[in-house]
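In short: position in the sequence shown from 1, add 1447, done, that's this note's numbering. Every residue gets a Cβ at the ideal spot worked out from N, C-alpha and C, and that includes glycine. Shown next, in structure tokens, is the structure this report addresses.
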Amino acid sequence: MPATMPSAATAAIAAVTFAALYAGHQVGDHVVQSDRAAIAKGVPDRERLAAGVSPWTGWGACLRHVAGYTATQAAALVLVGLVAPLELTGMVIALIVSASTHAVIDRRWIVRRLIRLKGCHDWREGPYLIDQSLHVGAMLVAAVLGVAVPGAVGVVTVAIAAAALVGAALMTERRLGHGLSMSTVTPDDTR
1448 MPATMPSAAT
1458 AAIAAVTFAA
1468 LYAGHQVGDH
1478 VVQSDRAAIA
1488 KGVPDRERLA
1498 AGVSPWTGWG
1508 ACLRHVAGYT
1518 ATQAAALVLV
1528 GLVAPLELTG
1538 MVIALIVSAS
1548 THAVIDRRWI
1558 VRRLIRLKGC
1568 HDWREGPYLI
1578 DQSLHVGAML
1588 VAAVLGVAVP
1598 GAVGVVTVAI
1608 AAAALVGAAL
1618 MTERRLGHGL
1628 SMSTVTPDDT
1638 R
């Protein structure tokens, strides 16, 4: 148990950070994102992989989407920061966590694996709802870390962890590229 209990003010800052991240997510993922990015950002389908396309194809589109998405979340945090005492380092940490997890989730292979594990291939809205649920869970973690991890050292630590997450995703895509189950979800199912 921590030496001091978090205060109601700390909890409120985490809550408004989450609210801002969520609002920015909704606008960034549904209004700002282009149809072209939504289609191009995922891991290539089985046929393209079999034709020799790199499993990393689509990362450029994914990163462009995440840049716009993160800018939208940053604007939401700045807006909330006008009335709530948000720390700059906390906002940066929250954005790093949200951006890195968003990029990995938007590659879609985690969603496909969950669909396969759950056996919900016939659940029409499943890909989108699982994708969005993973994003919301990641934003909750981002909001809590943005309040709980202090200062510049926290920013560096979280940035290293985020780079490791993306690196692990890249390695997983490389290793599993041809073995991913692409037949259950089409490339534009989890916009």
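Please name the residue in the options whose C-alpha comes closest to that of residue i.
i, options, result
"Ala-1459", "Pro-1532, Asp-1476, Thr-1536", "Pro-1532"
"Leu-1510", "Leu-1524, Thr-1548, Ala-1497", "Thr-1548"
"Ala-1467", "Ala-1615, Ala-1589, Asp-1492, Ala-1514", "Ala-1589"
"Lys-1488", "Leu-1529, Arg-1555, Leu-1587", "Arg-1555"
"Ala-1518", "Asp-1492, Thr-1457, Val-1530, Val-1539", "Val-1539"
"Ala-1550", "Ala-1461, Ala-1611, Thr-1457, Trp-1570", "Ala-1611"
"Ser-1545", "Asp-1482, Ala-1615, Val-1463, Val-1605", "Val-1605"
"Asp-1476", "Ala-1616, Asp-1578, Leu-1587", "Asp-1578"
"Val-1463", "Val-1525, Val-1500, His-1512", "Val-1525"
"Arg-1622", "Ile-1486, Ala-1608, Val-1490, Ala-1456", "Val-1490"
Along the chain, where does the alpha helix (DSSP H) containing residue i start, and where does it finish?
i, result
"Met-1586", "1573-1595"
"Val-1539", "1535-1553"
"Trp-1556", "1556-1565"
Do you know how far the Cα of residue j is from the Cα of residue i?
i, j, result
"Leu-1564", "Met-1618", "21 Å"
"Gly-1598", "Thr-1536", "6 Å"
"Val-1596", "Pro-1453", "13 Å"
"Val-1527", "Ala-1470", "11 Å"
"Ile-1543", "Ala-1523", "15 Å"
"Ile-1562", "Val-1474", "26 Å"
"Ser-1580", "Ala-1497", "31 Å"
"Gln-1520", "His-1568", "32 Å"
"Glu-1534", "Leu-1576", "32 Å"
"Val-1602", "Gln-1480", "27 Å"
"Arg-1483", "Ile-1552", "17 Å"
"Gly-1566", "Phe-1465", "31 Å"
Taking buried to mean at least 16 other C-beta atoms within 10 Å of its own C-beta, is residue i buried or exposed?
i, result
"Trp-1506", "buried"
"Glu-1494", "exposed"
"Gly-1593", "buried"
"Val-1558", "buried"
"Ala-1514", "exposed"
Compare the C-beta of residue i against all C-beta atoms of chain C and say whether one is closer than 9 Å.
i, result
"Met-1538", "Within the model displayed, chain C is absent; a lone protein chain is all it includes."
**OP:** Could I get the ranges of all uninterrupted alpha helix (DSSP H) runs contained in the region 1454-1538, with 4 residues as the minimum, in chain order?
**Re:** 1455-1474, 1482-1487, 1493-1497, 1506-1528
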